[in-house]
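Peer 1: In this note's numbering, the protein residues as written are 35 to 512.
This is the structure we're talking about:
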């Protein structure tokens with residue numbers, strides 16, 4: 035096999051290698067030879083298979099991962115993305131996979147994902163980081179600035195690379211400041227937001243940016259207020275959403291956004307913003323009372339109770355009004371929680387029942403409805419099978435993490451699905467509740483034994499499956 039490879043005869047090398055693999059003689063060298071030979075013959079699918087196998091066999095071979103990604107990126111983008119994600123799960127700092135992910139996110143304009151993962155990209159070498167920042171600098175300058183900032187923090191101001199980053203940051207900051215000023219002067223404050231935020235990240239002179247920041251904030255506030263008054267609620271949402279996405283803030287922004295969402299019949303989304311605005315209000319009692327009234331109008335009684343309770347706590351002249359409002363929605367809340375339970379909206383019903391308990395701890399209605407929700411979910415668990423049964427158990431555990439019926443059901447079903455790590459945790463939680471029997475200890479022992487068996491077979495189950503050593507999870511166990 036090696037002689038054929040060295041003589042430049044890939045077909046013969048591949049035939050010999052595959053014959054050896056068929057005889058269950060499997061080594062790194064054989065698989066790598068098969069991978070290279072298949073590639074030389076243009077058999078890319080076979081080559082990819084062997085490179086993947088080599089990657090998992092070696093516990094995460096970087097060269098194999100890069101080769102597979104290079105082949106797939108030219109042929110099958112969805113599969114390339116799946117492979118890239120698998121590689122990053124195994125090797126979070128893999129350069130080729132990170133570059134592929136960056137370019138993919140930049141192409142799709144996914145600013146939120148890029149900002150969330152900027153620290154992951156910053157581990158790449160300085161030249162690569164500078165090149166990546168350049169690809170985003172025109173369309174997403176804040177992303178580019180954050181990446182340069184993160185890389186500079188790693189270099190910690192020492193050496194030539196740190197000096198290069200510092201010089202680039204100065205140039206980038208000045209360019210972004212100039213761009214933001216241009217948009218602001220052109221009465222396009224929304225487009226000024228991102229370059230201004232980018233300049234704030236990398237620009238050394240905050241005093242130079244302060245007047246521009248005030249100008250943009252004032253312009254946005256006036257524009258949002260005018261749009262709200264004119265009934266142009268979509269415009270208000272667009273302005274405020276862009277500001278929130280880039281971390282820019284201006285007075286009354288959350289209030290404007292919440293009021294616009296209310297008008298757009300998006301009351302559920304509006305409540306979070308109105309609550310945030312009430313937290314910062316000069317008169318919190320009045321602000322919370324206003325939120326409570328809007329929540330009642332929208333039929334969001336859990337939000338109304340929470341806001342009304344905060345209005346009561348804040349004191350002031352609205353105390354009596356807040357108390358009357360809470361009294362007026364007590365019976366409506368009871369009807370609403372029963373309706374949501376009947377409709378299977380258990381999470382919403384649970385939140386409302388807990389709000390009722392907070393509002394009226396001396397009354398039994400909130401506790402009674404909470405118990406009714408638990409009974410309904412237990413009934414669904416008993417009536418269902420398989421994955422549906424597990425789904426209902428998970429819903430119940432999300433509401434009551436120590437509910438014995440749900441814990442036992444989830445433990446059994448995850449064990450049947452061969453998710454032994456999760457099952458072990460569930461059995462232990464059930465044991466800790468004290469609501470069990472000797473079979474719990476037996477099942478804990480089974481899970482431990484099966485996990486140890488899997489560990490002996492392979493580093494992780496996914497590794498073995500990806501390498502083609504087993505057909506299914508079941509073969510890892512039996």
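Positions of the beta carbon are idealized from the N, C-alpha and C atoms, including for glycine. A quick note: this is a predicted structure, and the numbers were derived from the prediction, not measured.
(1) What are the complete beta strand (DSSP E) segments, minimum 3 residues, inside the segment 377 to 447?
(2) From the DSSP output, in three-state form, read off residue 239 for me.
(3) Terminal residues of the continuous alpha helix (DSSP H) containing residue 307?
(4) Whose C-alpha, out of 306, 116, 100 and 105, is nearest the C-alpha of residue 130?
(5) My parser needs the alpha helix (DSSP H) runs of 4 or more residues fully inside the segment 257 to 342; what are they?
(6) Quick check: what's the CA-CA separation for residue 489 versus residue 185?
(7) Determine, using beta-carbon pairs with one atom in the segment 386 to 403 and one in the segment 450 to 465, whether at least three such pairs fall under 8 Å.
(8) Is the segment 255 to 267 in contact with the segment 226 to 236, if contact means three or more CB pairs nearer than 8 Å?
(9) What's the gap between the Cα of residue 177 and the Cα of residue 281?
(10) Taking the Cβ atom as the reference point for each residue, do residue 342 and residue 320 lie within a distance shorter than 7 Å?
(11) What is the residue span of the alpha helix (DSSP H) that residue 140 lies within?
(12) Measure how close the beta-carbons of residue 154 and residue 175 come, nearest whole angstrom, since I'm counting them as under 8 Å.
(13) On a CA-only basis, which of 294, 87 and 250 is nearest residue 271? Give me that one, please.
(14) Short of 6 Å in beta carbon distance, which residues of its chain neighbour residue 463, apart from the five on each side in sequence? Order them along the chain.
(15) How close, in whole Å, do the beta carbons of residue 334 and residue 305 come, if the pair is a contact with beta carbons under 8 Å?
(16) Which of the three DSSP states is assigned to residue 512 in this structure?
(17) Check whether the Cβ atoms of residue 109 and residue 152 sit closer than 7 Å, and answer yes or no.
(18) Would you kindly report the start and end of the unbroken alpha helix (DSSP H) that includes residue 126?
(19) In this structure, does DSSP put residue 216 in helix, strand or coil?
(20) Which residue comes first and which comes last in the alpha helix (DSSP H) that contains residue 171?
(21) For residue 284 and residue 251, which I take to be in contact (beta-carbon distance under 8 Å), what is that distance rounded to the nearest angstrom?
(22) From this set, 150, 145, 167 and 146, which residue's C-alpha is nearest residue 133's C-alpha?
(23) Based on Cα-Cα distance, which residue from 299, 287, 298 and 297 lies nearest to residue 309?
(24) Since I believe residue 65 is in contact with residue 88 (beta carbons under 8 Å), could you give me their beta-carbon distance rounded to a whole number of angstroms?
(25) Measuring CB atoms only, is the segment 454 to 461 touching the segment 472 to 481, in the sense that at least three cross pairs come out at less than 8 Å?
(26) Note down the Cα distance separating residue 116 from residue 260, rounded to an integer number of angstroms.
(27) On a CA-only basis, which of 254, 182 and 200 is nearest residue 217? Give me that one, please.
(28) What distance in whole Å lies between the Cβ atoms of residue 408 and residue 518, which are believed to be in contact at a cut-off of 8 Å?
(29) If you draw a straight line from the alpha carbon of residue 445 to that of residue 403, how long is it in whole angstroms?
(30) If you draw a straight line from the alpha carbon of residue 239 to that of residue 197, how long is it in whole angstroms?
(31) Just to confirm before moving on: does the CB-CB distance between residue 214 and residue 226 stay below 7 Å?
(32) Using beta-carbon positions only, say whether residue 336 and residue 386 come within less than 7 Å of one another.
(33) Would DSSP call residue 363 helix, strand or coil?
(34) In its own chain, which residues sit with a C-beta less than 6 Å from the C-beta of residue 119, not counting the 5 before and 5 after it?
(35) Which residues bound the alpha helix (DSSP H) around residue 462?
(36) How big is the Cα-Cα spacing for residue 85 and residue 135?
Peer 2: Straight from the coordinates:
(1) none
(2) coil
(3) 301 to 313
(4) 100
(5) 267 to 280, 287 to 297, 301 to 313 and 318 to 332
(6) 37 Å
(7) no
(8) no
(9) 12 Å
(10) no
(11) 129 to 141
(12) Not a contact, Cβ separation roughly 20 Å.
(13) 294
(14) 441
(15) 6 Å
(16) Low local confidence applies: a pLDDT of 27 at residue 512 is under 50, so the model's placement there is unreliable, and no value is given.
(17) no
(18) Per DSSP, residue 126 belongs to no alpha helix (DSSP H) and is neither H nor E.
(19) helix
(20) No alpha helix (DSSP H) holds residue 171; DSSP gives it neither H nor E.
(21) 4 Å
(22) 167
(23) 287
(24) 5 Å
(25) yes
(26) 46 Å
(27) 254
(28) Any answer about residue 518 is impossible in this case: the structure gives the chain only from 35 up to 512.
(29) 27 Å
(30) 18 Å
(31) yes
(32) yes
(33) coil
(34) none
(35) 454 to 467
(36) 20 Å
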